[in-house]
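When the count follows this note's numbering, it moves up by one through the sequence shown with no breaks and lands on 194 for the last residue.
Using N, Cα and C, we set each Cβ at its ideal position, and we do this for glycine too.
In what follows, a single structure is set out as structure tokens and then discussed.
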Amino acid sequence: MYLHAPHRAEKLQGNVSTDGVYVASYSYGSPATRYGVYAMQRIVEIDGQPIETTEDFVKAVKGKQHQTSVLIKTLDFNNNSNVITLKIDNNYWPFYEMKYQNGHWQKVDHLLAPEYTKI
């Protein structure tokens with residue numbers, strides 16, 4: 076998923092809530108598509124913790140173990156809510172953040188190494 080703060084135009088519409096972080100897009104085959112987190116939704120809670128900013132989202136998801144389930148509450152443009160259980164996949168879809176600092180984009184990894192079974 077690619078997340079950011081809600082668009083300015085959305086904030087200017089009085090009838091649309093701008094709570095949470097906006098889901099801009101997603102990658103096919105990712106846990107987001109498998110479990111139903113789609114573009115144009117807003118994530119407002121993770122495991123009961125309110126999400127106001129992208130920093131809140133990072134704090135809520137950072138350090139989650141591979142194959143851990145998280146409850147995600149989303150809102151659509153009509154403010155209809157949906158609660159989704161999503162399973163973290165650090166093997167194929169690791170969690171990272173892109174930050175623009177000092178004139179450059181930097182990738183910040185936020186994953187814990189998956190637990191592999193040695194045979």
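Flag this pair as touching only if the stretch 159–179 and the stretch 128–146 have three or more C-beta atom pairs under 8 Å; answer yes or no. Enough Cβ pairs lie closer than 8 Å, so yes.
Quick one: what does DSSP say K148 is sitting in, helix, strand or coil? Taking the sequence shown and counting its residues from 1, the one referred to as residue 148 is at position 73. K148 falls in the strand class under three-state DSSP.
R117 and L146: beta carbons closer than 7 Å? Counted from its first residue, the sequence shown places residue 117 at position 42. Counted from its first residue, the sequence shown places residue 146 at position 71. Not in contact: R117 and L146 (Cβ atoms no closer than 7 Å).
If you run the structure through DSSP and keep just helix, strand and coil, what is D164? Stepping through the sequence shown from its first residue, residue 164 is reached at position 89. Of the three classes helix, strand and coil, the one that applies to D164 here is coil, per DSSP.
Considering only the beta carbon of each residue, do V96 and T143 sit closer than 7 Å? Sequence index remark: in the sequence shown, residue 96 carries index 21 (1-based). Sequence index remark: in the sequence shown, residue 143 carries index 68 (1-based). No, they are not a contact pair.
Residue nearest to I159 in terms of C-alpha spacing, selected from G111, L78, P81 and W180: For the purposes of this step, residue 159 is identified with residue 84 of the sequence shown, where counting begins at 1. Comparing Cα positions, the closest option is G111.
If you measure between the beta carbons of Q124 and A107, is that distance less than 7 Å? Locating residue 124 in the sequence shown gives position 49, counting from the first residue. Locating residue 107 in the sequence shown gives position 32, counting from the first residue. Cβ atoms of Q124 and A107: not closer than 7 Å.
Where the beta strand (DSSP E) through K174 begins and ends: Taking the sequence shown and counting its residues from 1, one reaches residue 174 at position 99. Membership of K174 in the beta strand (DSSP E) is indicated by the continuous run Y171 to Q176.
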